[in-house]
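Comments concern the structure below.
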């Protein structure tokens, strides 16, 4: 299994609080992605990174920010969580963004009350 | 706009039976197509990859086909087992420097004993 660790795996928080999810990889892959998965929508891209300090928005980036200060870590931050951000969040990595296989973490389930 | 459509949305079959899942895409220019399996509560895992020149590829009881002319792919599962119960996601990558693959919403397969 690819070395990807997401933390926390489960979190319950209240509306308006900040939340940070962490993705840590030991594969030295260049590309890292954050997805959210909701019933009826499948996996939707929030943000992605193609190198240290190189990030870009995905299709559902509003309300989220990311940072990648080193190859192995990709952080997803919800500055002020809302109930619509209740979801399961998946981190993925790839060694070739264009055609490489995506390796996913185990997911982080976030509930915003 | 690149799109991937999967059908059916959900499927229930009896153990031992065969089934076929469909994927239609409009991603252009085409690079490759992957089928992922996602068990409940886990991240997706790649089953197979199809490139432009490949018509069929097998991975155990899973056989994927690709018709690049009609932009269709199928995933055939032979002699289904209870462990095949999962969501199957079709993911298509474009050529030409895009880091972002296009995801289908998945087919939820339930295998009953």
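Residue numbers (the numbering used here), protein chains in the order written: chain A, 1 to 113; chain B, 1001 to 1113.
For each residue, glycine too, the CB sits at the ideal point set by N, CA and C.
*Hey, out of B/1112, B/1090, B/1075 and B/1034, whose CA is closest to residue 1019 of chain B's CA?*
The candidate whose alpha carbon is nearest that of residue 1019 of chain B is B/1075.
*Using a Cβ-Cβ cut-off of 7 angstroms, state whether residue 72 of chain A counts as contacting chain B.*
No - not a single Cβ of chain B is within 7 angstroms of the one on residue 72 of chain A.
*May I have the straight-line CA-CA distance separating residue 1105 of chain B from residue 1023 of chain B, to the nearest angstrom?*
Whole-angstrom Cα-Cα distance: 10 angstroms.
*Counting along the chain, where does the beta strand (DSSP E) carrying residue 108 of chain A start and finish?*
Under the DSSP assignment, residue 108 of chain A falls in the beta strand (DSSP E) whose first and last residues are 108–112.
*By a C-beta neighbour count over all protein chains shown, 10 Å radius and 16 as the cutoff for buried, is residue 68 of chain A buried or exposed?*
Buried, since its Cβ has 16 or more Cβ neighbours within 10 Å.
_Contact residues within the stretch 23–35 of chain A, judged by C-beta distance below 7 angstroms to chain E_ = The structure shown contains no chain E; its protein chains are A and B.
_CB of residue 112 of chain A within 7 angstroms of CB of residue 85 of chain A, strictly_ = Yes, the Cβ-Cβ distance between residue 112 of chain A and residue 85 of chain A is below 7 angstroms.
_Closer than 7 angstroms at the beta carbon, the chain A residues around residue 1104 of chain B_ = Correct list: 42.
*Could you tell me the boundaries of the beta strand (DSSP E) in which residue 1055 of chain B lies?*
Premise fails: residue 1055 of chain B is in no beta strand (DSSP E) and is neither H nor E.
*So which residues on chain A does residue 1046 of chain B lean against when the C-beta distance must stay under 9 angstroms?*
Scanning chain A for C-beta atoms nearer than 9 angstroms to the C-beta of residue 1046 of chain B yields 101, 102 and 103, reported in chain order.
*7 angstroms Cβ cutoff met for residue 92 of chain A and residue 102 of chain A*: For residue 92 of chain A and residue 102 of chain A, yes; Cβs fall inside 7 angstroms.
*Of all the residues that make up the stretch 1067–1101 of chain B, which are near chain A by a beta-carbon distance shorter than 9 angstroms?*
Flagged, chain order: 1087, 1089, 1091, 1093, 1094, 1095, 1096, 1097, 1098, 1099, 1100 and 1101.
_Can you check which of these residues, B/1085, B/1108, B/1027 and B/1086, is closest to residue 1068 of chain B by C-alpha distance?_
Ranking the options by Cα distance to residue 1068 of chain B, first place goes to B/1027.
_Alpha carbon of residue 1011 of chain B to alpha carbon of residue 1107 of chain B, nearest angstrom_ = Between the C-alpha atoms of residue 1011 of chain B and residue 1107 of chain B there is a straight-line separation of about 7 angstroms.
_Under 7 angstroms from the C-beta of residue 1043 of chain B: neighbouring residues of chain A_ = Taking a Cβ-Cβ threshold of 7 angstroms, the residues of chain A close to residue 1043 of chain B are 90, 104, 105, 106 and 107, in chain order.
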